[in-house]
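Participant:
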Amino acid sequence: MGIVDRIKGLFRQGLQQEAKQGSFESCLESANERLREISVIVNRLESELLSAKERIRGVEKQNLSFRQLAEQAAEQQNHEVVGRYLEQEYSGKERLAVMLGDLRQMEERFTGVKERYLQFAQTIQEASSRHDTILIRSLIATTELETIRVSSTGRVDALLEGKDEEHHVIEARLELARSGQPDALDREIEDLIRSKNK
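Per our numbering, the sequence shown starts with residue 222, numbered consecutively.
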């Protein structure tokens, strides 16, 4: 009965460990899926940031162009055209100031999101490596337990085998005693028993 209970206990323990591993692995898979979603968001933010920088460079070039056109119009003494280009340059500078403010906010937001993304990725990596380490340790411990069980079972078998031989000798003695006729075979058995006991 004790062996059956031990087998049942080991089986239940194995099922519980599989359930724990399964739940951890599903949690890890869910975290990796979330990490992929965040990665898409980070890449999108980075793309928007690059696009905003490109638009700012375009506005800066346009402002420079308005300044150059205003200078050319001034050389030609066309004051009306100079005024128009200077107004366009001024409105371009105002728009550029707003765009630069938005860019700074985007960069701050992007930096924060990317830092959280990297921390999350590192946490998942650490959890995964710890889980792998625990699984390896568990496998090593299970292997060591199995080795101990096998070696102790081997010892028990050897002891039982020795007891089995002793049992045969005792049976032989009893049979000889029953027959009451010691002969050469009886003497040989007695000699074997004495030599074994020495």
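By construction, the Cβ of each residue, glycine as well, lies at the ideal position given by its N, Cα and C atoms.
1. If you draw a straight line from the C-alpha of V263 to the C-alpha of F341, how long is it?
2. At the level of alpha carbons, what is the spacing between G313 and G279?
3. Just to confirm, is the Cβ distance from M327 to E269 under 8 Å?
4. From K335, C248, Q289, pick the residue whose C-alpha is nearest to that of V261; which is it?
5. Using three-state DSSP, classify I297 as helix, strand or coil.
6. Taking Cβ positions, are A291 and Y311 nearer each other than 8 Å?
7. Sorted by chain position, which residues of the same chain lie with C-beta nearer than 6 Å to E347's C-beta, five sequence neighbours on each side aside?
8. In whole angstroms, what separates the C-alpha of D353 from that of L249?
Facilitator: Working from what's here:
1. If you take the alpha carbons of V263 and F341, they lie about 13 Å apart.
2. In a straight line, the C-alpha of G313 is about 10 Å away from that of G279.
3. Yes. Within cutoff.
4. V261 has its Cα closest to that of K335, out of K335, C248, Q289.
5. Residue identity differs from the one stated: residue 297 is Gln in this sequence, not Ile. The three-state reading of DSSP puts Q297 in coil, since its state is none of H, G, I, E or B.
6. Taking 8 Å as the Cβ cut-off, A291 and Y311 do not qualify as a contacting pair.
7. Shown here for E347: not one same chain residue has a beta carbon closer than 6 Å to its own, the five before and five after excluded.
8. Whole-angstrom Cα-Cα distance: 12 Å.
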